Amino acid sequence: SAIYELSCEAYKHLGKTSNYYWIDPDGSGALGPLKVYCNMTEDKVWTTVYHDLQMQTSVGGNSPEKLSALQLNYSATMDQISAITSSAEYCEQFISYSCKMSRLLNTPEGNPYTWWVGKANEKHYYWGGSGPGIQKCACGIERNCTDPKYYCNCDADYKQWRKDSGMLSYKEHLPVSQVVVGDLDRPGSEAKVSVGPVRCQGDRNYWNAASFVTSSSYLHFSTFQGETSADISFYFKTSASDGVFLENLGNTDFIKLELKSATEVSFSFDVGNGPVEIVVRSPNPLNDDQWHRVNAERNVKQASLQVDQLPLEVRKAPTEGHTRLELYSQLYVGAAGGQRGFLGCIRSLRMNGVTLDLEERAKVTPGVKPGCSGHCTSYGMYCANGGKCVEKYNGYSCDCSRTAYDGPFCIKDVGAFFEEGMWLRYNFHSPGTSVKDLVSRTLLTSADPEITAPDLSLNKEELSFSFSTTKSPCVLLYISSYTPDFMAVLVNPNGNLQIRYNLGGTKEPYNIDIDHRNMANGQPHTVNVTRNGRDIVLQLDHYPPTSYSLPATSDIQFNSPKALFLGKVIEIGKIDQDIYKYNTPGFTGCLSRVQFNQIAPLKAALRPTNASSHVHIQGELVESNCGASPLTIPPMSAATDPWHLDSASADFPYNGQAIGDGVNRNSAIIGGVIAVVIFTILCTLVFLIRYMFRHKGTYHTNEAKGAESAESADAAIMNNDPNFTETIDESKKEWLI
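Counted the way UniProt numbering counts, the sequence shown spans residues 1 to 737.
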């Protein structure tokens with residue numbers, strides 16, 4: 001059974017992030033697993049396969065040879081790469097030719113000087129940015145070549161460096177396995193060749209699905225050729241308790257997979273020794289309208305069946321007797337021979353490494369629909385931070401519009417760097433709408449029916465954001481209203497955080513002070529404030545949440561909210577004295593993933609949405625991931641890619657985990673050793689100092705050091721939290737060690 005997933009798309013739907021993974025494009029077929037880089041940052045996944053040719057490889061310089069051939073060796077076989085390109089929706093490979101007196105294609109009629117060799121050892125005479133059958137470069141198609149008489153910049157044959165480059169995107173011809181350079185035999189002729197990795201996007205097989213609407217509907221395909229070995233895998237989703245997945249018959253031989261009951265999947269066959277049946281029983285119902293994966297294999301030695309991650313059921317073949325499975329009828333997917341067929345969805349059906357095109361066949365078959373709905377029931381949990389799962393014909397996507405986050409799973413926080421004196425205002429109602437409309441639309445979540453729009457006030461609110469700064473005092477965030485009510489998050493002159501509520505009914509605003517913790521230490525801090533009536537819960541960083549309560553006399557309505565300010569408060573009318581003092585020179589530092597109820601003001605400012613009209617900015621807002629962002633690993637360059645170091649000794653990890661880089665392990669060990677040495681020295685010093693002081697008879701308390709120790713405790717927490725690893729810049733790393 002497969003230990004590796006079939007594609008990057010499959011890893012993405014296990015909730016994995018961008019990294020190197022082993023994939024096995026044909027299951028247990030002959031191809032074997034290969035290592036690729038999966039980039040999950042966009043809606044569609046990119047799969048990248050690298051080769052060993054350095055960028056800007058020099059060729060020529062007066063070589064007597066007429067032709068110079070550059071060979072590309074990939075981290076995978078040509079068959080493995082073909083399996084990826086054939087199932088992809090789109091593939092591309094960058095190619096570039098830099099030349100000095102070295103012509104590339106020269107004339108559309110004549111034989112080209114340079115060509116590249118692609119899949120199946122075919123020669124190709126078109127260049128990047130152009131297409132098959134057109135002997136031109138990109139500039140020849142865009143009509144902007146150095147010399148308009150020619151169709152490539154290099155064909156002008158100049159003595160200065162020129163370049164022709166672009167993407168090769170006819171995937172049937174990829175990958176580039178060789179580049180043959182011809183025009184190098186004259187004095188002064190030089191050329192440099194660059195070829196990028198093969199990048200493919202999308203996976204047509206993973207989502208290829210059909211919905212069986214009636215229990216008599218089926219799809220038929222040509223006879224399954226599985227005489228000595230059969231490897232069948234697919235996903236199914238149903239609310240019915242039984243039905244036949246697929247069946248193929250011979251005279252007496254047959255092979256069949258079915259859902260026998262809500263908890264049983266059966267794989268049965270007969271090769272002439274009498275029928276054999278293997279059943280996997282699931283502790284939980286399989287008709288729960290979630291995707292389940294089935295993998296059935298049979299060869300001359302044994303047969304096996306696996307469902308999801310349940311234990312594999314294996315049956316050894318008899319030592320004597322028949323071994324060949326001889327089938328004649330068509331392969332039926334769904335109802336066959338009057339049996340009760342499968343109701344629901346079958347997806348990504350692979351028979352001996354080939355994905356059957358269920359979608360195409362379903363388009364012309366009554367009772368069967370192409371595609372499937374309901375992916376969110378299985379994958380919706382990957383949409384994080386309040387992102388909503390949206391059904392798509394082939395898969396799903398996460399809608400992050402009502403969150404302060406971005407990216408395919410709503411986990412990339414949107415942040416910005418504020419320079420001194422900069423501020424942002426978000427007006428809760430845009431010009432031309434009544435306050436009533438606005439409050440009912442944006443501030444009140446649809447989940448709160450008890451709040452009606454005419455109140456124009458909030459009984460509850462939720463605020464969360466992260467920040468980092470080294471300057472205090474400052475105003476981080478302020479929410480104004482059309483009444484004296486306000487809410488503010490401040491950093492006081494000592495660097496401590498203060499939450500200030502003024503809802504009326506009290507002489508002074510109600511303050512929550514977090515003393516003994518310096519928040520202006522340049523580290524990212526997360527603030528989460530939730531108020532429901534009188535009760536306020538504050539969570540700071542990774543400390544336990546603490547509860548507070550507004551004074552008994554305080555009003556619990558936040559009346560007529562008007563605007564939210566970040567960095568500085570510029571508001572007409574009377575303003576709180578402290579806030580007025582803290583307002584100059586203003587906040588300097590980073591704010592990110594700011595969210596107040598359903599509103600994400602920073603995201604509205606940085607991403608054009610229909611809420612952007614509510615935003616006013618003073619100064620230049622620069623997007624930055626200076627907040628606490630999850631660690632993302634950029635794709636490795638060819639030079640640092642472990643494939644290029646020792647692909648022969650690369651060992652296979654288990655269960656398709658991401659592959660870490662060997663370099664990190666060594667540096668981690670060295671770092672550990674250094675840390676131990678420093679720690680030992682410090683311990684010795686502390687021991688000596690205490691020893692000296694004890695003999696002097698003096699006694700010191702550590703009371704005054706409270707603030708410092710808290711600061712380093714923060715730092716310690718951040719060091720342990722993966723979310724903070726990327727954000728600590730080099731200058732502070734030394735201090736953290």
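Cβ atoms here follow ideal geometry from the backbone N, Cα and C, with glycine treated the same way. Quick caveat: nothing in here was measured; it's all calculated off a predicted structure.
Query raised in the report: What is the residue span of the beta strand (DSSP E) that P370 lies within?
Result: Against the sequence shown, residue 370 aligns to sequence position 370. Segment V368 to P370, the beta strand (DSSP E) holding P370.
Query - Separation of R143 from A639, as counted between CA atoms - result: As a position in the sequence shown, residue 639 is number 639, starting the count at 1. As a position in the sequence shown, residue 143 is number 143, starting the count at 1. Because the pLDDT of A639 is 43, which lies under 50, any placement of that residue in the model is unreliable, and the question is left without a value.
Query - Given A552 as reference, the closest of G567, G533, L538 and K192 once Cα atoms are compared - result: For the purposes of this step, residue 552 is taken as the residue at position 552 of the sequence shown. Of the listed residues, the one whose Cα sits closest to A552 is G533.
Query - Other residues of its chain near G188: CB distance less than 6 Å, five sequence neighbours each side excluded - result: Locating residue 188 in the sequence shown gives position 188, where the first residue counts as 1. Hits under 6 Å: M101.
Requested in this report: Would you decide whether P524 is buried or exposed? Buried here means 16 or more other CB atoms lie within 10 Å of its CB.
Outcome: Locating residue 524 in the sequence shown gives position 524, counting from the first residue. Buried, by the Cβ-count rule.
**Report entry** C-alpha gap between G166 and A138, whole angstroms
**Finding:** Within the sequence shown, the letter at position 166 stands for residue 166. Within the sequence shown, the letter at position 138 stands for residue 138. G166 and A138: Cα-Cα distance of roughly 7 Å.
Requested in this report: Grab the span of the beta strand (DSSP E) containing M167 for me, first residue to last.
Outcome: The residue you call residue 167 lines up with position 167 of the sequence shown. Note, M167: beta strand (DSSP E), R162 to L168.
Query raised in the report: So does the segment 384-400 actually touch the segment 536-549, counting three or more Cβ pairs closer than 8 Å?
Result: no
Query raised in the report: Considering P561, what are the terminal residues of the alpha helix (DSSP H) in which it resides?
Result: Taking the sequence shown and counting its residues from 1, one reaches residue 561 at position 561. That residue, P561, is in no alpha helix (DSSP H); its beta strand (DSSP E) goes P561 to L566.
Query - Inter-residue Cα distance where the pair is T57 and D399 - result: Within the sequence shown, numbered from 1, the residue matching residue 57 stands at position 57. Within the sequence shown, numbered from 1, the residue matching residue 399 stands at position 399. Rounded to whole angstroms, T57 to D399 spans 44 Å at the Cα level.
Query raised in the report: Grouping DSSP H, G and I as helix and E and B as strand, with all else coil, what is V45?
Result: Residue 45 sits at position 45 when you count from the first residue of the sequence shown. Looking at V45 - three-state DSSP - the assignment turns out to be coil, as it is neither helix nor strand.
Requested in this report: Along the beta strand (DSSP E) that carries E190, what are the first and last residues, could you check?
Outcome: Here residue 190 is taken as the residue at index 190 of the sequence shown, counted from 1. First-last of the beta strand (DSSP E) with E190: E190 to V195.
Query - Counterpart residues of I617 in DSSP-defined beta bridges - result: Position 617 of the sequence shown, counted from the start, is the residue given in the question as residue 617. Answer is L424, bridged to I617.
Query raised in the report: Are the segment 356-365 and the segment 256-263 touching, with three or more C-beta to C-beta distances below 8 Å?
Result: no
**Report entry** Cβ shell of D242 (< 7 Å), same chain only, five flanking positions each side left out
**Finding:** Here residue 242 is taken as the residue at index 242 of the sequence shown, counted from 1. Contacts found: L259, K260, S261 and R340.
Query - Span of the beta strand (DSSP E) around Y218 - result: As a working note, residue 218 is residue 218 in the sequence shown. Residues Y218 to F221.
Query raised in the report: So, A605 versus L621, is the Cβ gap smaller than 8 Å?
Result: Residue numbering aside, residue 605 sits at position 605 when the sequence shown is read from its first letter. Residue numbering aside, residue 621 sits at position 621 when the sequence shown is read from its first letter. The answer is yes: Cβ separation under 8 Å.
Requested in this report: State the start and end residues of the unbroken alpha helix (DSSP H) segment that holds A605.
Outcome: Residue mapping note: residue 605 aligns to position 605 of the sequence shown, counting from 1. It spans P601 to L606 - the alpha helix (DSSP H) in which A605 sits, taken as one unbroken run.
Query raised in the report: the ligand FMN heavy atoms versus the CB of S560: any closer than 7 Å?
Result: Ligands are entirely absent from the displayed structure, and the ligand FMN is therefore not among its contents.
Query raised in the report: If you draw a straight line from the alpha carbon of E508 to that of V615, how long is it in whole angstroms?
Result: Sequence index remark: in the sequence shown, residue 508 carries index 508 (1-based). Sequence index remark: in the sequence shown, residue 615 carries index 615 (1-based). Using only the alpha carbons, I get a separation of about 31 Å.
Report task. Would you mind stating whether L325 and V265 have Cβ atoms separated by less than 8 Å? Result -> Here residue 325 is taken as the residue at index 325 of the sequence shown, counted from 1. Here residue 265 is taken as the residue at index 265 of the sequence shown, counted from 1. No.
Query raised in the report: Starting from E258 and walking both ways along the beta strand (DSSP E), at which residues does that stretch end?
Result: Numbered from 1 along the sequence shown, position 258 holds the residue referred to as residue 258. It spans F254 to S261 - the beta strand (DSSP E) in which E258 sits, taken as one unbroken run.
Query raised in the report: If you drop the 5 nearest sequence neighbours on each side, which residues of the same chain put their C-beta closer than 8 Å to that of T483?
Result: On the sequence shown, position 483 is the one that residue 483 refers to. Around T483: G504, N559 and S560.
Query - Coarse secondary structure for I670, derived from DSSP in three states - result: Taking the sequence shown and counting its residues from 1, one reaches residue 670 at position 670. I670 falls in the helix class under three-state DSSP.
Query raised in the report: How is the alpha helix (DSSP H) around I579 delimited, first residue to last?
Result: The residue given as residue 579 occupies position 579 in the sequence shown. Start and end: Q577 to Y582.
Requested in this report: Could you check what DSSP says for T684 in three-state terms: helix, strand or coil?
Outcome: Within the sequence shown, residue 684 is the residue found at index 684, counting from 1. Of the three classes helix, strand and coil, the one that applies to T684 here is helix, per DSSP.
Query raised in the report: Is G407 helix, strand or coil when you go by DSSP?
Result: Residue 407 sits at position 407 when you count from the first residue of the sequence shown. G407: coil per DSSP, three-state reduction.
Query raised in the report: Between which two residues does the beta strand (DSSP E) carrying E277 extend?
Result: Here residue 277 is taken as the residue at index 277 of the sequence shown, counted from 1. Unbroken beta strand (DSSP E) run through E277: V276 to R281.
Query raised in the report: What residue does the beta strand (DSSP E) around I84 start on, and which one ends it?
Result: What you label residue 84 is simply residue 84 of the sequence shown in a count that begins at 1. Boundaries for I84: no beta strand (DSSP E) harbours it, while the alpha helix (DSSP H) harbouring it runs M78 to S87, taken from the DSSP string.
Query raised in the report: Residues bridged to W116 by DSSP?
Result: Position 116 of the sequence shown, counting from 1, holds the residue named residue 116. According to DSSP, W116 bridges with H124 and V179.
Query raised in the report: Okay, do the segment 90-105 and the segment 157-164 touch, 3+ Cβ pairs below 8 Å being the bar?
Result: yes
Query raised in the report: Taking DSSP as the reference, what is the three-state secondary structure of H51?
Result: For the purposes of this step, residue 51 is taken as residue 51 along the sequence shown, with counting starting at 1. DSSP, reduced to helix, strand and coil, places H51 within a strand of the structure shown.
Query raised in the report: With distances taken between CB atoms, is the gap from V333 to Y218 smaller than 8 Å?
Result: For the purposes of this step, residue 333 is taken as the residue at position 333 of the sequence shown. For the purposes of this step, residue 218 is taken as the residue at position 218 of the sequence shown. It is a contact, given that the beta carbons lie within the stated cut-off.
Query raised in the report: CA-CA distance, G619 and G567?
Result: Indexing the sequence shown from 1 puts residue 619 at position 619. Indexing the sequence shown from 1 puts residue 567 at position 567. So the alpha carbons of these two residues sit roughly 11 Å apart.
**Report entry** Residue burial classification, F418 (beta-carbon count within 10 angstroms, cutoff 16)
**Finding:** As a first step, residue 418 must be located in the sequence shown, where it is residue number 418. Buried, by the Cβ-count rule.
Query - Cβ contact (3+ pairs, closer than 8 Å) linking the segment 46-60 and the segment 399-415 - result: no
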